[in-house]
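I have placed the structure first, in the form of structure tokens, so that the comments after it can refer back to it.
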Amino acid sequence: TQLLEQSPQFLSIQEGENLTVYCNSSSVFSSLQWYRQEPGEGPVLLVTVVTGGEVKKLKRLTFQFGDARKDSSLHITAAQPGDTGLYLCAGVASGTYKYIFGTGTRLKVLA
Amino acid sequence: DTGVSQNPRHKITKRGQNVTFRCDPISEHNRLYWYRQTLGQGPEFLTYFQNEAQLEKSRLLSDRFSAERPKGSFSTLEIQRTEQGDSAMYLCASSLARATNEKLFFGSGTQLSVL
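The listed protein sequences correspond, in order, to chains R and U. In terms of our numbering, the first sequence is residues 1 to 111. In terms of our numbering, the second sequence is residues 1001 to 1115.
Structural data, given as structure tokens:
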């Protein structure tokens, strides 16, 4: 069974601070995605990483895919209250189109 | 707005009743996924379709759950003889099949409460 563990589970920080969220698995994924979800809504895709070691930037968000394609990280620089939400990673293994979601990291950024 | 549409948004039912949810995907999308999510957790895979074919179904899904996608367009998820443990947000997502960089677009979900 493929599992994606995220850490930390909860994070409460002040506006302007930096943070990193981790997504780890013992399984290899052909690609990994990051989503953000707000209460009462479905997740919204932020980025897809495909190549081991790949780094993608989306404004103040930096995403990295591990060299072995088993883990990923999301780094937010100078967090803002608008970054508040549930961050989810999701991986898909080779030969399947089933997206397995991580356990989630709930981020709260205080003004 | 041509996003993924789910109906109803909320459903309250009594234990033992049957419920059915509907998902209308983005029109040109050929893949459709169903997930279940409980508060503060990540979505849990239930099943997915490519066009009208149901290609994979979670082993966690009991025989009380069934999903269909007639004609490869909208999809329905039915839960028979609901139990309190079925209370959750049921999410639908659709995508356009690609070799790489497939993007899932989610609906706003149906929140089920079983009393």
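Ideal Cβ positions, reconstructed from N, Cα and C, are used throughout, including at glycine.
Heavy atom of the ligand HEM within 6 Å of residue i beta-carbon
i        : result
GLY52(R) : Absence of the ligand HEM is noted for the structure shown, with no ligands found whatsoever.
According to DSSP, residues forming a beta bridge with residue i
i          : result
GLN1054(U) : PHE1049(U)
ASN24(R)   : GLU5(R), ASP71(R)
THR1110(U) : TYR1090(U)
PHE1021(U) : LEU1077(U)
Coarse secondary structure for residue i, derived from DSSP in three states
i          : result
GLY1072(U) : helix
ASP71(R)   : strand
GLN1037(U) : strand
GLN64(R)   : strand
GLY52(R)   : coil
ASP1063(U) : coil
GLY42(R)   : coil
Test: residue i CB closer than 7 Å to a CB of chain U
i         : result
PRO81(R)  : no
LYS70(R)  : no
PHE63(R)  : no
THR103(R) : yes
GLN15(R)  : This sequence places Glu at residue 15(R); Gln is not what is there. Not one chain U Cβ lies under 7 Å of GLU15(R).
LEU19(R)  : no
LEU173(R) : Coverage of chain R is limited to positions 1 through 111, which leaves residue 173(R) absent and any answer about it impossible.
7 Å Cβ cutoff, residue i in contact with chain R
i          : result
PHE1074(U) : no
Cβ distance (whole Å) where residue i is taken to contact residue j below 8 Å
i          : j          : result
LEU88(R)   : GLY102(R)  : 6 Å
SER25(R)   : VAL49(R)   : With 8 Å as the limit, SER25(R) and VAL49(R) do not qualify as a contact, their Cβ atoms being about 14 Å apart.
SER1095(U) : VAL1114(U) : Rounded, the Cβ-Cβ distance is 29 Å, inconsistent with contact.
THR84(R)   : VAL109(R)  : 5 Å
GLY42(R)   : GLY1085(U) : Actually they are not in contact, since the Cβ atoms of GLY42(R) and GLY1085(U) sit about 22 Å apart, beyond 8 Å.
GLY1003(U) : ASN1030(U) : About 16 Å separates the two Cβ atoms, so there is no contact after all.
7 Å Cβ cut-off: residues of chain A touching residue i
i        : result
LYS98(R) : Protein chains in the displayed structure are R and U, and chain A is not among them.
Practice prompt. Give, in chain order, every residue of the segment 1006-1036 of chain U whose Cβ lies closer than 9 Å to some Cβ of chain R.
Written response: GLN1006, ARG1009, ARG1031, TYR1033, TYR1035
Worksheet item: Relative to chain R, which residues along the segment 1034-1065 of chain U have a C-beta separation below 7 Å, given in chain order?
Response: For the segment 1034-1065 of chain U, the residues whose beta carbon sits under 7 Å from a beta carbon of chain R are, in order, GLY1040, GLN1041, GLY1042, PRO1043, PHE1045, TYR1048, GLU1056.
Worksheet entry | Members of the segment 1089-1108 of chain U near chain R, C-beta cut-off 9 Å | MET1089, LEU1091, CYS1092, ALA1093, SER1095, ALA1097, THR1100, ASN1101, GLU1102, LYS1103, LEU1104, PHE1105, PHE1106, GLY1107, SER1108
Item to complete: Select from the segment 40-51 of chain R all residues with a C-beta closer than 8 Å to any C-beta belonging to chain U, and list them in chain order.
Response: GLY40, GLU41, GLY42, PRO43, VAL44, LEU45, THR48, VAL50
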